[in-house]
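Here's the structure we're looking at; comments come further down.
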Amino acid sequence: MENLRGSLLMVAAMAGFALEDMFVKELARGLPIGMVLALLGLGGSAIFGILAKIRGDRLISRDLLAGPVLLRNFSELLGTMCFVSAIALTPLAQASAILQATPLAVTLGAALFLGEQVGWRRWSAIIVGFIGVLIVIRPGTEGFSALSLLAVAAVVGLAARDVATRRVAKSVSSMQLATYGFAAVIPAGIAMAWLSPAEITLPTPRDFAMIGGGLLFGTAGYYALIAAMRIGEVAVITPFRYTRLIFALIIGWTVFNEPVDRATLIGGAVIVGSGLYTLWRQARRTRR
Numbered sequence: 001m002e003n004l005r006g007s008l009l010m011v012a013a014m015a016g017f018a019l020e021d022m023f024v025k026e027l028a029r030g031l032p033i034g035m036v037l038a039l040l041g042l043g044g045s046a047i048f049g050i051l052a053k054i055r056g057d058r059l060i061s062r063d064l065l066a067g068p069v070l071l072r073n074f075s076e077l078l079g080t081m082c083f084v085s086a087i088a089l090t091p092l093a094q095a096s097a098i099l100q101a102t103p104l105a106v107t108l109g110a111a112l113f114l115g116e117q118v119g120w121r122r123w124s125a126i127i128v129g130f131i132g133v134l135i136v137i138r139p140g141t142e143g144f145s146a147l148s149l150l151a152v153a154a155v156v157g158l159a160a161r162d163v164a165t166r167r168v169a170k171s172v173s174s175m176q177l178a179t180y181g182f183a184a185v186i187p188a189g190i191a192m193a194w195l196s197p198a199e200i201t202l203p204t205p206r207d208f209a210m211i212g213g214g215l216l217f218g219t220a221g222y223y224a225l226i227a228a229m230r231i232g233e234v235a236v237i238t239p240f241r242y243t244r245l246i247f248a249l250i251i252g253w254t255v256f257n258e259p260v261d262r263a264t265l266i267g268g269a270v271i272v273g274s275g276l277y278t279l280w281r282q283a284r285r286t287r288r
């Protein structure tokens with residue numbers, strides 16, 4: 001029963017994140033990407049800052065200057081900037097399919113920089129997963145767009161964030177890290193908006209409603225994710241992370257009228273399959 005509840009919460013979390021992406025993509029239709037990033041950073045840091053204070057966490061601390069925290073904040077900044085740009089400028093399903101390679105990239109980073117043992121089977125799964133990414137972006141073909149590399153850069157940034165998180169002192173809470181990560185996006189978004197050739201316009205009430213919807217579903221997804229990881233067995237519930245791609249396919253098709261091409265479906269399936277195999281190998285190794 002606990003695994004069932006955890007799995008349902010994980011699916012709910014992925015639905016929340018997919019809906020957050022929908023609001024962000026819709027918002028980016030009328031506002032410069034830099035302004036979207038600044039609004040996301042401002043709203044997210046405010047929400048998690050309040051939650052951190054409720055928990056009794058300090059928002060001003062020397063821990064802010066610790067190397068792993070600074071690296072995590074920079075990686076969060078890179079990953080968020082690139083992924084928001086990717087979902088704004090490329091089909092939602094394509095960006096989401098590439099994002100599914102993040103767990104594989106985390107395994108790669110942990111092996112290279114944290115000294116974690118990765119056997120030849122998981123190395124093979126990582127290589128196959130990255131082949132899946134190549135299938136999605138189709139380099140050297142007519143269907144290739146350089147903008148799709150934004151999602152690849154997002155995978156690098158978000159994977160580096162997760163690897164750096166493992167080196168953050170346990171005295172720093174998840175709420176503090178979330179607050180710092182969102183806050184780091186604010187100046188970057190302002191700089192992007194300032195340097196953008198697009199005319200800067202003030203957000204409309206509809207824009208604020210869009211950002212509110214995105215933050216609402218994003219925060220709900222974040223909490224559902226934490227609850228899922230605490231309730232069920234990690235090996236059982238983690239594979240349900242990949243339901244985010246299903247939600248992205250549905251939203252892209254129904255809301256944004258984006259056709260789903262064969263390369264995205266095949267590449268996404270290869271990435272998800274590689275990720276599931278890696279999770280299975282990790283669970284089996286843990287049991288041993």
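Each residue of the sequence shown is one higher than the one before, counting from 1 in full-length UniProt numbering. Idealized CB from N, CA, C, for every residue including glycine. In this text, all values refer to a predicted model and were calculated from it rather than measured experimentally.
Do Arg244 and Arg23 come within 7 Å of each other at the CB atom, strictly closer than that value? Translated into the one-based positions of the sequence shown, residue 23 becomes position 23. Translated into the one-based positions of the sequence shown, residue 244 becomes position 244. In the sequence as presented, Arg is not what sits at residue 23; that position holds Phe. The answer is no: Cβ separation not under 7 Å.
Here's the rule: buried if 16 or more other CB atoms are within 10 angstroms of the residue's CB, otherwise exposed. What is Ile50? The residue given as residue 50 occupies position 50 in the sequence shown. Ile50 comes out exposed.
Return the chain-ordered ranges of every alpha helix (DSSP H) run that is complete within the stretch 120-169 and spans a minimum of 4 residues. 120-137, 149-165
The stretch 198-213 touching the stretch 63-70, judged by at least three CB pairs closer than 8 Å: no
State the start and end residues of the unbroken alpha helix (DSSP H) segment that holds Leu249. Mapped onto the sequence shown, residue 249 falls at position 249. Where Leu249 is concerned, the enclosing alpha helix (DSSP H) stretches over 243-254.
What is the C-beta distance between Gly129 and Gly275, in whole angstroms, given that I count them as a contact (C-beta under 8 Å)? Here residue 129 refers to the residue found at position 129 when the sequence shown is read from its first residue. Here residue 275 refers to the residue found at position 275 when the sequence shown is read from its first residue. Indeed they touch by this definition, with Cβ atoms about 6 Å apart.
For the stretch 223-234 against the stretch 24-44, are there 3 or more C-beta pairs whose distance is under 8 Å? no
In this structure, does DSSP put Ile186 in helix, strand or coil? Translated into positions along the sequence shown, residue 186 becomes position 186. In the structure shown, Ile186 sits in a helix (DSSP, three-state: H, G or I).
Does DSSP put Met35 in a helix, in a strand, or in coil? As a working mapping, residue 35 is identified with position 35 in the sequence shown. Three-state DSSP puts Met35 in a helix.
Using only CA atoms, which one of Gly140, Met81, Asn257, Phe182 lies nearest to Leu215? The sequence position of residue 215 within the sequence shown is 215, counting from 1. Here the closest residue by C-alpha is Phe182.
What does the alpha-carbon distance come out to for the pair Leu71 and Arg161? By one-based count along the sequence shown, residue 71 stands at place 71. By one-based count along the sequence shown, residue 161 stands at place 161. Taking the straight line joining both Cα atoms gives about 7 Å.
Coarse secondary structure for Val272, derived from DSSP in three states: For the purposes of this step, residue 272 is taken as residue 272 along the sequence shown, with counting starting at 1. Reduced to three states, the DSSP call for Val272 is helix.
Just confirm the distance between the C-beta atoms of Leu147 and Thr90, as a whole number of angstroms; I'd bet it's less than 8 Å. Here residue 147 is taken as the residue at index 147 of the sequence shown, counted from 1. Here residue 90 is taken as the residue at index 90 of the sequence shown, counted from 1. Confirmed, about 5 Å.
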